[in-house]
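In the numbering used here, the protein residues as written are 150 to 325. In this text, a Cβ means the ideal position worked out from N, Cα and C, and glycines have one as well.
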């Protein structure tokens, strides 16, 4: 499968595309020219890799014959709409609109002043020092060293994206 490159989210939004987030661990984009420009190209690749039987099962049919029969009957009666198959794909593979996926990406993206947390529950705020390096500052109020940068927070980089990428143990805290 052609893994979705998140750098192309704007192109996917402009094309009114969508993202399938769970194709056997892969995330793919439909209506992105560089990946799957249409539903048919995705279906062809999926069937070549996993088979039509797997596809029919994932779309909620008992077998490929039932799936093809329904699709062909709808097409023959001019009742088939591309949104029907798109909806089935989105339901089967944890699909989301390009706009929804972009919002999800933005929520994960770090920004100056954000609070992040590691797997042990340590919280830190993203700050910038006098030399414009990004650092994490402890903000656990119950900690005597709150609002100071110290050992396990001495991770810095001059690029915020690199800081986030190089320290996957930290994740953004999203307050509900």
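Residues near residue i in its chain [Cβ-Cβ closer than 6 Å; skip 5 each side]
i	result
residue 265	273, 319 and 321
residue 241	207 and 208
residue 183	none
residue 243	170 and 171
residue 278	284
Whether residue i touches residue j by CB criterion (7 Å)
i	j	result
residue 188	residue 234	yes
residue 171	residue 150	no
residue 261	residue 275	yes
residue 201	residue 213	yes
Contacts around residue i, its chain only, beta-carbon distance under 8 Å, and the 5 residues preceding and following it disregarded
i	result
residue 158	247, 250, 251 and 254
Cβ neighbour criterion (16 or more within 10 Å) applied to residue i
i	result
residue 313	buried
residue 204	buried
residue 153	buried
residue 163	exposed
residue 270	exposed
Reference residue i, options the options, closest by Cα
i	options	result
residue 238	155, 211 and 179	179
residue 284	263, 195 and 190	263
residue 267	286, 192, 245 and 191	286
residue 155	258, 278 and 288	258
Cutoff 7 Å; reference residue i; Cβ partners in own chain excluding five residues on either side
i	result
residue 198	150
Rounded distance between the beta-carbons of residue j and residue i, thought under 8 Å
i	j	result
residue 165	residue 181	Not confirmed; about 11 Å, so no contact.
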